[in-house]
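Numbering (the numbering used here), first residue to last: 32 to 221. Cβ coordinates follow ideal geometry from the N, Cα and C atoms, glycine included.
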Amino acid sequence: MRLRQKGSAEISTDPEAFEAFYRRHVEAVTRFLARRVADPHTVADLVAEVFIAVLDSAHTYRPGLGSEIGWLYGVARNILSAEWRRAARELRIAGRIGGRRLLDADDLSRMEERLDAESTARRAFEAMAGLPESERAVLELVAIDQLSVAEAAAALGIRQGTARVRLHRARQSLRHVPGIVPPPVMEGLR
32 MRLRQKGSAE ISTDPEAFEA FYRRHVEAVT RFLARRVADP HTVADLVAEV
82 FIAVLDSAHT YRPGLGSEIG WLYGVARNIL SAEWRRAARE LRIAGRIGGR
132 RLLDADDLSR MEERLDAEST ARRAFEAMAG LPESERAVLE LVAIDQLSVA
182 EAAAALGIRQ GTARVRLHRA RQSLRHVPGI VPPPVMEGLR
């Protein structure tokens, strides 16, 4: 039962359609966020926020612009950006972040395993920190999150040609960093 099969509006009004959508995508969203955030409590909260946002924005999904997961990663990026802005604002005001919900021991253990599994990706993000945001965003979605260039462009709200140019520039900037950007495969050459 895909969004396009059930209708995007039904995801916000039909609990069964939403549950199926949630079950289909919760692991991918959790991995997406665990690659970007090291704290298990924050990851758990952000996953919940992403799916709450899905309820409010299901009507914005357009199948012709990309896959459900590409659209969902766009929603997750927006939630993550809002979280980073909020956290920075709180740090400036209070000097530390508070108000996290507590996870039980099993939840915490599973989240720590996911965080460990994504530690390499977080190191890759650190290496990409010097890139302009526009180039880094495309590279993250294509090289780390395994979206196609078309899906990344849709998630970022840019044209495919623009995404290709930004991806090329990012790869060129990081070609000297081992393990971050694989060498391009030359078709037809053996």
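Chain-order list of residues whose beta-carbon lies under 6 Å from that of residue i (same chain, five-residue window excluded)
{"i": "A185", "result": "L96, G97, G101"}
{"i": "R120", "result": "none"}
{"i": "R30", "result": "It is not possible to answer for residue 30, since the shown part of the chain is limited to 32 through 221."}
Alpha carbon of residue i to alpha carbon of residue j, nearest angstrom
{"i": "R117", "j": "F156", "result": "20 Å"}
{"i": "S150", "j": "R66", "result": "7 Å"}
{"i": "V60", "j": "I83", "result": "13 Å"}
{"i": "R206", "j": "I175", "result": "15 Å"}
{"i": "W115", "j": "A51", "result": "29 Å"}
{"i": "R153", "j": "V68", "result": "8 Å"}
{"i": "L139", "j": "L146", "result": "10 Å"}
{"i": "E99", "j": "R55", "result": "10 Å"}
{"i": "Q177", "j": "A160", "result": "19 Å"}
Nearest-angstrom beta carbon gap, residue j and residue i [assumed within contact, 8 Å]
{"i": "L172", "j": "Y104", "result": "6 Å"}
{"i": "E41", "j": "A48", "result": "5 Å"}
{"i": "E166", "j": "R197", "result": "5 Å"}
{"i": "V74", "j": "L64", "result": "5 Å"}
{"i": "S112", "j": "L162", "result": "No, S112 and L162 are not in contact; Cβ-Cβ is about 16 Å, not under 8 Å."}
CB contact flag (residue i, residue j, <8 Å)
{"i": "E143", "j": "P46", "result": "no"}
{"i": "A158", "j": "V169", "result": "no"}
{"i": "S43", "j": "A89", "result": "yes"}
{"i": "Q191", "j": "A201", "result": "no"}
Chain B within 8 Å of residue i, Cβ atoms only
{"i": "R200", "result": "As a matter of chain content, chain B is missing from the structure shown, which is built from one protein chain."}
Residues near residue i in its chain [Cβ-Cβ closer than 7 Å; skip 5 each side]
{"i": "Y53", "result": "F82"}
Beta-carbon contacts of residue i that lie in its chain and below 8 Å, excluding the five residues immediately before and after
{"i": "I110", "result": "L77, E80, V81, A84"}
{"i": "L134", "result": "P71, H72, A75, M142"}
Subject >> Residue ranges of each alpha helix (DSSP H) within the region 79-125, 4 or longer >> reply: 99-125
Subject >> Every unbroken alpha helix (DSSP H) within the region 125-176, with a cutoff of 4 residues, ordered by chain >> reply: 136-148, 150-158, 164-170
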